[in-house]
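Participant: One structure is given below, represented as C-alpha cells, and several questions about it will come after.
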Amino acid sequence: MSPVSPRPNVPAWAVVALAAGTAATLVTAAGAVVAALTSRAIVTPSLPVDDVRILGYDETARTVDLAVTADSILPGLYSLRFSADTGHARIGEVLSVADGVVRRSVLAVDYGELSRARSGRISGWYYIHPRELGVEVEEVSVPTAVGPAPAWYVPAADPAAVKWVVQVHGRGVRRGETIRALPVFHEHGYHVLHISYRNDGEAPRSADGRYALGDTEWEDLDAAIDWAVDRGARDVVLMGWSMGGAIALQAMGRARHRALVRGIALESPAVDWREVLRYQGRARRVPELVGDAAFATITHAPGRLVTGQEHPLDLDRLDFVKRSHEVDVPVLLMHSDDDGYVPSGASRRLAEARPDLVTFVPFSIARHTKLWNYDRVKWNRAISDWLTANGL
Numbered sequence: 017m018s019p020v021s022p023r024p025n026v027p028a029w030a031v032v033a034l035a036a037g038t039a040a041t042l043v044t045a046a047g048a049v050v051a052a053l054t055s056r057a058i059v060t061p062s063l064p065v066d067d068v069r070i071l072g073y074d075e076t077a078r079t080v081d082l083a084v085t086a087d088s089i090l091p092g093l094y095s096l097r098f099s100a101d102t103g104h105a106r107i108g109e110v111l112s113v114a115d116g117v118v119r120r121s122v123l124a125v126d127y128g129e130l131s132r133a134r135s136g137r138i139s140g141w142y143y144i145h146p147r148e149l150g151v152e153v154e155e156v157s158v159p160t161a162v163g164p165a166p167a168w169y170v171p172a173a174d175p176a177a178v179k180w181v182v183q184v185h186g187r188g189v190r191r192g193e194t195i196r197a198l199p200v201f202h203e204h205g206y207h208v209l210h211i212s213y214r215n216d217g218e219a220p221r222s223a224d225g226r227y228a229l230g231d232t233e234w235e236d237l238d239a240a241i242d243w244a245v246d247r248g249a250r251d252v253v254l255m256g257w258s259m260g261g262a263i264a265l266q267a268m269g270r271a272r273h274r275a276l277v278r279g280i281a282l283e284s285p286a287v288d289w290r291e292v293l294r295y296q297g298r299a300r301r302v303p304e305l306v307g308d309a310a311f312a313t314i315t316h317a318p319g320r321l322v323t324g325q326e327h328p329l330d331l332d333r334l335d336f337v338k339r340s341h342e343v344d345v346p347v348l349l350m351h352s353d354d355d356g357y358v359p360s361g362a363s364r365r366l367a368e369a370r371p372d373l374v375t376f377v378p379f380s381i382a383r384h385t386k387l388w389n390y391d392r393v394k395w396n397r398a399i400s401d402w403l404t405a406n407g408l
C-alpha cells in the first residue's frame with residue numbers, strides 16, 4: 017500500500033480534534049497544532065542531535081574538554097560522536113570537573129577532526145563493528161516484507177551449536193548499538209545476529225516511512241528468527257534495547273517460531289509506551305491535554321492525515337505491564353532509575369507482576385542504554401547469571 021499523504025485542505029487542528037474527541041475540544045487551536053506536531057514527532061524517524069559543546073581537545077595529553085551535561089559527566093567508557101556524525105572518538109573516565117567543564121581521557125579518535133569539533137553527543141554505542149572484538153563476522157541480508165535488511169552474523173565457536181541470540185537495537189540508532197552484548201553471549205555458546213529493521217536508516221523504509229513503536233517492526237525481527245531457524249537455530253533468545261525491547265516483546269507472542277523463543281533480555285526497554293511518552297511530554301513541558309490529544313491522533317485512523325501513518329497504533333497491545341499475564345518465557349530487565357528517557361517504572365511493575373519469570377536488575381546513574389558503559393562488570397554478570405539460572 018502506498019504511503020498516506022496529508023491532505024492540504026484539512027487543517028491539522030481539525031484532524032486532531034476529530035481523533036481526540038472530547039479531550040481535544042478542551043485544547044486551544046494553538047494547543048491542537050502542538051499536539052499535531054507532537055504526534056508526528058512520535059512516529060517520525062529522526063537522528064539524535066549533538067547536544068554537548070566540545071570546548072577543546074589536547075592531542076598530546078589525549079584529553080577532551082566538554083560542557084557539563086547529565087551524559088558528559090557519567091563515569092565509564094563512551095563514544096563521542098561529533099560534528100553531526102562525521103567524527104567518532106572513544107572517551108574514557110572523567111579526569112576533572114570544574115566551572116562547568118568536564119575533562120575526560122580520549123582513548124581513540126576513529127575518524128574525523130576532533131580538534132575542529134565544536135559539538136557532539138555522548139553515546140553508549142561504543143563499538144563500530146563486531147570485528148573489533150576479534151571475532152569472525154559475516155555481512156548478511158535478512159529477507160523481510162519491506163525488502164532485504166542488512167545484519168551481522170557472528171557464528172558460535174562451535175559450528176554445531178543450536179543456540180542463537182538476535183539483537184534488536186533501539187530508536188534513532190543502528191545495529192552497532194548492540195555489539196556490546198556480543199562477548200557475553202559468545203562466551204555462553206551462542207550464534208549472534210545483529211539485525212536492522214524498517215526505517216532505521218539501514219533497512220528499507222516501510223510504505224509510510226513511520227515508526228510503529230514495535231507494532232510493525234517486530235515483523236522484521238520475525239524474519240530474522242526465520243533466517244536463523246533456516247540455519248539451524250533451535251533455541252532462540254531475543255535481546256532488545258530501548259524500542260528494541262518493545263519489538264522483542266511483540267515477537268514473543270506473534271513470531272512464527274515463537275515456540276523456539278526461550279528467553280528475552282531487555283536493556284532500558286520501552287515496556288509501556290504511554291508512560292514513556294507522558295514522561296517525555298512532561299520533560300518538554302507539554303500540557304497533559306495536548307499529550308492526550310497526541311495519543312488520540314496516533315491511535316485513531318483520522319490521525320493519519322497528520323502523522324502520515326499507514327495504520328493507527330494500538331498502545332494497549334504495546335503495554336506489557338497490562339499484558340504481563342501473557343509473558344511465557346524468562347525475561348531479564350536491566351534498567352537505570354536515572355534513565356532520563358525511558359522511565360524504569362514499567363520495568364519494575366512488570367517484574368512485580370511476574371516474579372515467576374521476570375528478573376529485574378536495577379542500575380542507578382547509568383542513564384538510557386548506557387548500563388554497559390557505566391558498569392560493564394555488573395551488566396555482563398547480570399546476563400551471564402540469568403542465562404545460567406534459566407538453563408539458556
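Taking my numbering, the leading residue of the sequence shown gets 17, the next gets one more, and so forth.
Note that the Cβ used here is the ideal one computed from N, Cα and C, for glycine as well.
1. CB-CB under 6 Å to T38, same chain, minus the five flanking residues each way: which ones, in chain order?
2. Which residues share a DSSP beta bridge with W180?
3. Leaving out five residues before and five after R397 in sequence, what residues of the same chain have Cβ atoms less than 6 Å from its Cβ?
4. If you count every other CB in all the chains shown that lies within 10 Å of the CB of T404, and 16 or more means buried, which is it?
5. Grab the span of the beta strand (DSSP E) containing Y213 for me, first residue to last.
6. Go through its chain and collect everything with a Cβ distance to V151's Cβ below 6 Å, but skip five positions before and after it.
7. When DSSP labels each residue in this structure, what does P146 get in the three-state scheme?
8. Does L42 come out as helix, strand or coil in the three-state DSSP assignment?
9. Taking DSSP as the reference, what is the three-state secondary structure of F336?
10. For a minimum of 4 consecutive residues, which ranges assigned as the alpha helix (DSSP H) are wholly contained in the segment 247-334?
11. Just the Cα atoms here: how many angstroms apart are S284 and Y73?
12. Check whether the Cβ atoms of A167 and V156 lie closer than 8 Å to each other.
13. What do you reckon, are the CB atoms on E326 and A223 nearer than 8 Å?
14. If you count every other CB in all the chains shown that lies within 10 Å of the CB of T54, and 16 or more means buried, which is it?
15. Cα separation between S62 and R97?
16. With distance defined between alpha-carbon atoms, name the residue in N406, V337, D288 and P175 nearest to V253.
17. Inspect the beta-carbon positions of V65 and T85 and report whether they are closer than 8 Å.
18. Out of N389, S360 and L282, point me to the one whose CA is closest to W402's CA.
19. Just verifying my parser: in three-state terms, what is the DSSP assignment at L349?
20. Would you mind giving the Cβ-Cβ distance between A83 and G116, rounded to the nearest angstrom? I have them listed as a contact below 8 Å.
21. Among M268, R339, P318 and V337, which has the Cα closest to the Cα of L329?
22. Give the straight-line distance between the Cα atoms of R226 and R214, rounded to the nearest whole angstrom.
23. Taking the alpha carbon of P159 as the reference point, which residue from D355, N389, W243 and M255 has its own alpha carbon closest?
24. Counting C-beta neighbours from all protein chains within 10 Å, is the total for G248 16 or more, i.e. buried, or is it exposed?
25. Flag this pair as touching only if the segment 382-401 and the segment 136-150 have three or more C-beta atom pairs under 8 Å; answer yes or no.
26. State the Cα-Cα distance for the pair D335 and L71, rounded to the nearest angstrom.
27. Would you call T102 buried or exposed, if buried means 16 or more other Cβ atoms sit within 10 Å of its Cβ?
28. If A259 and G186 are in contact, beta carbons under 8 Å, what's the gap, nearest whole angstrom?
29. Please report the distance separating the alpha-carbon of A310 from that of G297.
30. Using a Cβ distance threshold of 8 Å, determine whether the segment 346-353 contacts the segment 368-376, with at least three qualifying pairs required.
31. Rounded to the nearest angstrom, what separates R365 and A286 at their Cα positions?
32. What's the gap between the Cα of V153 and the Cα of M268?
33. Ignore the nearest five residues each way along the sequence and tell me which others in V43's own chain have a CB closer than 7 Å to its CB.
34. Are the CB atoms of R426 and L123 nearer to each other than 8 Å?
35. When the Cα of G92 is compared with those of A77, A114, S121 and R134, which residue comes out closest?
Facilitator: Reading off the structure:
1. Because T38 carries a pLDDT of 45, less than 50, the predicted location of this residue cannot be relied on, and the following value inherits that uncertainty. Within the same chain, no residue comes within 6 Å of T38 by CB-CB distance, once the 5 residues on both sides are set aside.
2. When DSSP reads this structure, W180 sits in a beta bridge with H207 and V252.
3. Contacts found: none.
4. By the neighbour-count definition (other C-beta atoms within 10 Å, threshold 16), T404 is an exposed residue.
5. Secondary structure note for Y213: it is in no beta strand (DSSP E), with a DSSP letter that is neither H nor E.
6. So the list reads V170, once near-sequence residues are dropped.
7. In the structure shown, P146 sits in a helix (DSSP, three-state: H, G or I).
8. Low local confidence applies: a pLDDT of 44 at L42 is under 50, so the model's placement there is unreliable, with the coordinate-based value given in what follows. The answer is coil: DSSP assigns L42 none of H, G, I, E or B.
9. In the displayed model, F336 falls within coil according to three-state DSSP, outside both helix and strand.
10. The segment 247-334 contains these whole alpha helix (DSSP H) runs: 259-270, 289-299, 304-315 and 320-323.
11. Distance between the alpha carbons of S284 and Y73 is about 32 Å.
12. Yes.
13. Result yes, Cβ atoms of E326 and A223 sit closer than 8 Å.
14. Buried, by the Cβ-count rule.
15. Going by the C-alpha atoms only, they are around 16 Å apart.
16. Measuring from the Cα of V253, the nearest candidate turns out to be N406.
17. Not a contact, by the Cβ cut-off of 8 Å.
18. L282 is the residue among N389, S360 and L282 whose C-alpha sits nearest the C-alpha of W402.
19. When DSSP states are grouped into helix, strand and coil, L349 belongs to the strand group.
20. With 8 Å as the limit, A83 and G116 qualify as a contact, their Cβ atoms being about 6 Å apart.
21. In terms of Cα proximity to L329, the closest of M268, R339, P318 and V337 is P318.
22. For R226 and R214, the distance between alpha carbons rounds to 9 Å.
23. Nearest to P159 by alpha-carbon distance, out of D355, N389, W243 and M255, is W243.
24. A residue is called buried once 16 or more other Cβ atoms fall within 10 Å of its Cβ, and G248, having fewer, is exposed.
25. Between the segment 382-401 and the segment 136-150, the count of Cβ pairs shorter than 8 Å is three or higher; the stretches touch.
26. CA-CA distance, D335 to L71, rounds to 42 Å.
27. By the neighbour-count definition (other C-beta atoms within 10 Å, threshold 16), T102 is an exposed residue.
28. First, the amino acid is wrong: residue 259 is Met here, not Ala. Indeed, because the Cβ distance is near 5 Å, the residues count as touching under 8 Å.
29. Approximately 10 Å between the Cα atoms of the pair.
30. A contact exists between the segment 346-353 and the segment 368-376.
31. For R365 and A286, the distance between alpha carbons rounds to 12 Å.
32. Cα-Cα distance, rounded: 27 Å.
33. Confidence at V43 is low in this model, with a pLDDT of 44, below 50, so its placement is unreliable and no value can be given for it.
34. What is shown of the chain runs 17 to 408, which leaves residue 426 out entirely.
35. Looking at the Cα atoms, S121 is the closest of the given residues.
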